[in-house]
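Numbering (UniProt numbering), first residue to last: 1 to 124. Read the structure below first, then the notes.
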């Protein structure tokens, strides 16, 4: 059995610089996790539909979406699950939605590390 394709899901923006920030954040994961991709919920490409369509064409039928969101608001509680239901029907895929990364305590530790680094670099 093949492992699921991991989709790092960001909200999306029409501002290319915004998307580049998420692509830079995703780069270490994309380099380390086979079959991982970035997708955007709206306003940018590749969309979830595009990534899932490509995956199915390559023989992948199972996907896990890791939301690059700090918390589960309306998008993750309603919009994304509705999109997943449509995508499963349209492409014959199985799609699991993981909790947003903001719920993982490791992110809190990473934020602490960034703050500590900033404090070290700030002149007294």
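The beta-carbon is built from N, C-alpha and C at its ideal position, and this holds for glycine as well.
- Extent of the continuous alpha helix (DSSP H) to which residue 10 belongs: As a working note, residue 10 is residue 10 in the chain shown. Run containing residue 10: none in the alpha helix (DSSP H); it sits in the beta strand (DSSP E), 5-10.
- Stretch pair the stretch 38-53 + the stretch 76-96: three plus CB contacts closer than 8 Å: yes
- Message: Just to confirm before moving on: does the CB-CB distance between residue 61 and residue 92 stay below 8 Å?
- Response: By one-based count along the chain shown, residue 61 stands at place 61. By one-based count along the chain shown, residue 92 stands at place 92. It is a contact, given that the beta carbons lie within the stated cut-off.
- Quick one: using the 10 Å Cβ neighbour count with 16 as the cut-off for buried, is residue 73 buried or exposed? Numbered from 1 along the chain shown, position 73 holds the residue referred to as residue 73. It is exposed - the Cβ of residue 73 has fewer than 16 other Cβ atoms within 10 Å.
- Message: Please classify residue 66 as buried or exposed, where buried requires at least 16 neighbouring CB atoms within 10 angstroms.
- Response: As a first step, residue 66 is located in the chain shown; it is residue number 66 there, counting from the start. In summary, residue 66 is buried, with 16 or more beta-carbon neighbours lying within 10 Å of its beta-carbon over all protein chains present.
- Message: Need the endpoints of the beta strand (DSSP E) that residue 36 sits in, please.
- Response: Residue mapping note: residue 36 aligns to position 36 of the chain shown, counting from 1. Residue 36 -> beta strand (DSSP E) spans 36-40.
- Residue closest to residue 33, alpha-carbon to alpha-carbon, out of 95, 4, 11, 57: Your numbering for residue 33 matches position 33 in the chain shown. Ranking 95, 4, 11, 57 by Cα distance to residue 33 puts 4 first.
- Around the Cβ of residue 43, are there at least 16 other Cβ atoms within 10 angstroms (buried) or fewer (exposed)? As a working mapping, residue 43 is identified with position 43 in the chain shown. Exposed, since its Cβ has fewer than 16 Cβ neighbours within 10 Å.
- Message: Classify residue 112: buried if its beta carbon has 16 or more other beta carbons within 10 angstroms, exposed otherwise.
- Response: Within the chain shown, the letter at position 112 stands for residue 112. Label assigned to residue 112: exposed.
- Consult DSSP for residue 14 and reduce its assignment to one of helix, strand or coil. Residue mapping note: residue 14 aligns to position 14 of the chain shown, counting from 1. Looking at residue 14 - three-state DSSP - the assignment turns out to be coil, as it is neither helix nor strand.
- Query: If you draw a straight line from the alpha carbon of residue 124 to that of residue 105, how long is it in whole angstroms?
  - Reply: The residue you call residue 124 lines up with position 124 of the chain shown. The residue you call residue 105 lines up with position 105 of the chain shown. Taking the straight line from one Cα to the other gives about 30 Å.
- Item | For residue 63: DSSP bridge partner residues | In the chain shown, residue 63 corresponds to position 63, counting from 1. Answer by DSSP bridge pairing, in chain order: 5, 95.
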